[in-house]
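Peer 1:
Numbering (my numbering), first residue to last: 2 to 694.
If you want it as structure tokens, here you go:
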């Protein structure tokens, strides 16, 4: 308690801390239970017949129940008749940037939409409150909470939940008409047009709730779960808090995002918090949790009847920065390190910069909103969003036509065995593999790159395509397959794209730079993985300036790269795809590639890397004998110089048959060095025989 008192400023706060300490001291003295030791909540999330109280979430496997998608056929649920009729109430939490709030409102406003703004109750936010009140005075669709309802909001405190509850209660007190309640912050900004936002939300039932909830219940250890009180703009640890678990409390704690889009019905349930309801009782418990906003809303949703109307996602792009405990101790924010263990801290979302727009644009589950945008760090990011992301008329186009693409290592294109971007035996690691089935292209040393390839000529896993791409800049393919990049207005690297596999059992997976390190090169290996459009799956192509022409480049855009403004870290350099430096047939791990998509492919590989290689080696021996003019070629009488010259000739001839890098893992390293690969892009041509993929 003494340590807690040292962090206080007022007598009122010290009295509050002492009062809550007394609850535990009295329990010890009277041999009674600690606060919340016998706490129970009534779960009303029933499955099947809701009258059957025996069939609850306890009886289902989490994996079976937690697809958590709610988009039934239109004849089985209540959908709005037309997206233009969807009315959205935006609840905005603000504290220090009135201009950002005003721009946010002006960007989102359409007839039928309303806004309720809560400004942090601290003295430092008074100017923000004043400016927004003045702005709202001339707009009947904007409402600002009065001073008496403002909450002093603190990181990790229950005040985050309380501020949201105040917004909801104020909205219903004003009897605002709306279908959806979208909870956003002043640092949020739309990355889709208003028409797109309405269309997306209207594609789900009116009673759908969009909340991102972690699918596995939170199960904190008793030693790490603590009872807090909030005062003097900080949270103060009192004692241990019994975690909520199904076995002892009737519910499980569910981690979720505090930024969500709710139905009017569920929003009303939260705002009313009627006595006897789960939300009413959960508020009492949540008041003493740390980071309650990340547990409260998901726990309530998943244990009430509204669980059936839950779509697990909130259409928000958000990436977190470094954990506070990963920083040097003097650089840590003490507000995020409130646990007994000083190395157990929280973290905050990273600030979005220009580079991250690619990740926003390319994500498979295209978000409607993103955060956090901070005006003092980069004033132009929102302008770029307006131009690039919210313009529905712009579409990305390239001259890469065909039914897929083959990425050919340029230095092998005229060898007897051209090498391509493909998969190893384990079907996930990316390596340099033969482009064609054995015998499919006996004339591959001609200018074949000026044409195309047919589906039946190559292994299925050599077939790729450009997935989603940004459209700032231009990509073009020359007649011989070279890649030409034109920089965009904002992207010096030109368009950024995902690269997806089109064939084989991993069809639809994306090329990815892994965190796994290759033992030989000490560089990151590449693999294919489920497409998630994080920064390790976003690539550009070398421009010939800072990156080698025709190379495949991963530009560092991860969350850690954007902490430089606060931590002093430098943004990592771009990484180019190349090979490890091993070369020739001896380095080709035949068994790594063996095991293609079907038995025919395996037989082709067997033939190509057994009899064919022997024939090639014999041809090399014959060529050397002819050049040397000595049938014995390797006689014991040859001097050392002759031996070295012969070995060099063998090496050159062998590289034609077995190109440098064959079988080598594709790795990502800084864009320098001889092992960076320049790629040619060759289109697949549909052969009218159908594709059995």
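For every residue, glycine included, the Cβ atom is placed at its ideal position computed from N, Cα and C. No experiment lies behind these values; they were computed from the predicted model shown.
(1) Taking the C-alpha atoms as reference points, what is the distance between residue 244 and residue 219?
(2) Can you grab the Cα-Cα spacing for the pair residue 374 / residue 183, in whole Å?
(3) In the DSSP assignment, what residue or residues form a beta bridge with residue 238?
(4) Within 10 Å of its beta-carbon, does residue 176 have 16 or more other beta-carbons around it, so buried, or fewer, so exposed?
(5) Could you pull the DSSP bridge partners for residue 671 from this structure?
(6) For residue 112, count neighbouring Cβ atoms within 10 angstroms of its own Cβ and tell me buried if that reaches 16, exposed if not.
(7) Tell me whether residue 452 is buried or exposed, calling it buried when 16 or more other Cβ atoms sit within 10 Å of its Cβ.
(8) Do residue 117 and residue 126 come within 7 Å of each other at the CB atom, strictly closer than that value?
(9) Hey, how far is the Cα of residue 61 from the Cα of residue 414?
(10) For residue 497, which option in 523, 422 and 358 has the closest C-alpha, if you only look at C-alpha atoms?
(11) CB-CB under 7 Å to residue 199, same chain, minus the five flanking residues each way: which ones, in chain order?
(12) Looking only at its chain, what residues have a beta carbon closer than 6 Å to the beta carbon of residue 5, apart from the 5 residues adjacent to it on each side?
(13) Per DSSP, what kind of secondary structure is residue 666 in: helix, strand or coil?
(14) Taking the continuous beta strand (DSSP E) assigned at residue 409, which residues delimit it?
(15) What residue does the alpha helix (DSSP H) around residue 247 start on, and which one ends it?
(16) Measure from the alpha carbon of residue 234 to the alpha carbon of each residue in 10, 28, 27 and 352, then state which is nearest.
(17) On a CA-only basis, which of 209, 506, 482 and 156 is nearest residue 81? Give me that one, please.
(18) Touching or not, the segment 431-438 and the segment 481-490, by the rule of three or more beta carbon pairs under 8 Å?
(19) Under DSSP, the beta strand (DSSP E) around residue 181 begins and ends at which residues?
(20) Given a cut-off of 7 Å on the beta-carbon distance, is the pair residue 170 and residue 272 in contact?
(21) Out of 197, 196 and 267, state which residue places its alpha-carbon closest to the alpha-carbon of residue 211.
(22) Let me know the secondary structure DSSP gives residue 110 once reduced to three states.
(23) Which first and last residues belong to the alpha helix (DSSP H) in which residue 195 is found?
(24) For residue 22, which of 123, 289, 187 and 140 has the nearest alpha-carbon?
(25) Rounded to the nearest angstrom, what separates residue 14 and residue 232 at their Cα positions?
(26) In whole angstroms, what separates the C-alpha of residue 503 from that of residue 463?
(27) With DSSP as the reference, label residue 69 as helix, strand or coil.
(28) Can you tell me whether DSSP reads residue 43 as helix, strand or coil?
(29) Less than 7 Å between the beta carbons of residue 679 and residue 493, yes or no?
(30) How about residue 547 and residue 577: do their beta carbons lie closer than 7 Å?
(31) In or out: residue 621 buried (at least 16 other Cβ within 10 Å) or exposed?
(32) Tell me residue 257's beta-bridge partners as DSSP assigns them.
(33) Under 7 Å, do residue 46 and residue 308 count as touching if we go by C-beta distance?
(34) Whose C-alpha, out of 505, 286 and 448, is nearest the C-alpha of residue 424?
Peer 2: Judging by the given coordinates:
(1) Approximately 9 Å, taken between the alpha carbons.
(2) C-alpha separation (whole angstroms): 18 Å.
(3) In DSSP, residue 238 forms a bridge with 229.
(4) exposed
(5) Bridge partners of residue 671: 576.
(6) exposed
(7) Exposed: under 16 other Cβ atoms inside 10 Å.
(8) no
(9) Its pLDDT being 35, under 50, residue 61 is placed unreliably in this model, and the coordinates cannot settle the point.
(10) 358
(11) 84, 85 and 87
(12) Only 18 and 237 meet the Cβ criterion.
(13) strand
(14) 406-410
(15) 247-250
(16) The shortest C-alpha separation from residue 234 is found at 10.
(17) 209
(18) no
(19) 181-186
(20) yes
(21) 267
(22) coil
(23) 195-203
(24) 289
(25) Taking the straight line from one Cα to the other gives about 5 Å.
(26) 8 Å
(27) coil
(28) coil
(29) Residue 493 sits away from residue 679, with the two beta carbons spaced by 7 Å or more.
(30) no
(31) Residue confidence is low: residue 621 scores 40 on pLDDT, short of 50, so the model does not pin down where it sits. No coordinate-derived value is stated.
(32) 214
(33) yes
(34) 505
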